[in-house]
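Visitor: Just add 592 to wherever you are in the sequence shown, counting from 1, and you've got the working numbering.
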Amino acid sequence: MMSLKFLILEDSILDAELITALLAESEIECESIQVKTRSEFQVALERGGFDLILSDYSLPGFDGISALVMARQLCPDVPFIFVTATMGEEVAIETLKGGATDYVLKQRLERLIPAVERSLREAAERRARVVAEAELSLREEEFRALVENSPDIIARFDRDLRCLLYTS
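Pasting the structure below:
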């Protein structure tokens with residue numbers, strides 16, 4: 593399995609180390625990069641290449657909603673999980689509506705690994721769906737071109753023998 597790259601936006605070194613230790617204990621192979629400020633976060637996002645973002649909600653001079661907005665603008669497909677000590681129900685709902693993938697309270701860090709695994713799985717499923725939809729669209733275009741350029745009579749029927757397509 594290839595190693596994943598996680599961006600951790602956390603001003604507390606101890607909290608970042610705890611998160612990194614939990615990830616290391618799990619079966620998730622990842623490299624973690626910690627940033628503490630808005631400018632460091634923006635530079636990291638612009639460099640890109642992250643598979644997941646873990647962010648505190650309360651940061652000095654920077655808040656989680658702003659971090660989420662910035663992440664959605666610069667890397668909209670990367671899962672974003674808040675890992676925070678302070679988040680009420682209304683704020684949690686607001687962040688999820690704003691595009692956060694999940695949130696984990698620091699008092700309940702046993703939820704972190706399942707949340708990370710689910711977020712990564714859902715992101716992989718979304719990428720696979722995009723590829724499948726693009727492939728389907730390409731096949732439909734090829735079929736349409738074949739039918740439109742064929743000198744033969746072509747008819748296509750549904751299961752009730754209703755004609756769906758007729759060309760000559």
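Every residue gets a Cβ at the ideal spot worked out from N, C-alpha and C, and that includes glycine. Predicted, not measured: the structure shown is a model, and the values here were computed from it.
#1: With distances taken Cα to Cα, identify the nearest neighbour of Phe-642 among Asp-648, Ser-658, Leu-666.
#2: Grab me the residues of Ala-663's own chain with a C-beta within less than 7 Å of its C-beta, minus the 5 sequence neighbours each way, in chain order.
#3: Shortest alpha-carbon distance to Ser-595 belongs to which of Leu-614, Glu-623, Ala-616, Phe-674?
#4: In whole angstroms, what is the alpha-carbon distance linking Asp-752 and Asn-741?
#5: Going by beta carbon distance, what residues of the same chain come within less than 8 Å of Gly-640, once the five residues before and after it are set aside?
#6: Given a cut-off of 8 Å, decide if Ser-647 and Thr-678 are closer than it, judged by their beta-carbon atoms.
#7: Report the three-state DSSP secondary structure of Ile-685 (helix, strand or coil).
#8: Please name the residue in Leu-614, Glu-732, Arg-754, Ser-658 whose C-alpha comes closest to that of Gly-690.
#9: For Ala-737, does the count of other Cβ atoms within 10 angstroms reach 16, so buried, or fall short, so exposed?
#10: For Val-722, report the span of its alpha helix (DSSP H) as first-last.
#11: Where does the unbroken beta strand (DSSP E) through Leu-644 begin, and where does it stop?
#12: Do Phe-654 and Thr-629 count as a contact pair if the criterion is CB distance below 8 Å?
#13: Can you look up Ala-677 in the DSSP assignment and give me helix, strand or coil?
#14: What's the gap between the Cα of Leu-704 and the Cα of Ser-631?
Guide: Taking the geometry as given:
#1: Among Asp-648, Ser-658, Leu-666, the Cα nearest to that of Phe-642 is on Leu-666.
#2: Leu-637, Ile-645, Val-670, Phe-672, listed in sequence order.
#3: The alpha carbon of Ser-595 has as its nearest neighbour, out of Leu-614, Glu-623, Ala-616, Phe-674, the alpha carbon of Glu-623.
#4: Near 27 Å, if we compare the C-alpha coordinates of Asn-741 and Asp-752.
#5: Counting only residues of its own chain and dropping the five nearest sequence neighbours on each side, Gly-640 has a CB closer than 8 Å to the CB of Leu-666, Cys-667.
#6: Ser-647 sits away from Thr-678, with the two beta carbons spaced by 8 Å or more.
#7: Here Ile-685 sits in helix by DSSP.
#8: Considering only alpha carbons, the answer is Ser-658.
#9: Exposed, since its Cβ has fewer than 16 Cβ neighbours within 10 Å.
#10: Element bounds for Val-722: 704–740.
#11: Where Leu-644 is concerned, the enclosing beta strand (DSSP E) starts and stops at 644–647.
#12: When the beta-carbon positions are compared, Thr-629 and Phe-654 come within less than 8 Å of each other.
#13: Coil.
#14: Here the alpha carbon of Leu-704 sits roughly 26 Å from the alpha carbon of Ser-631.
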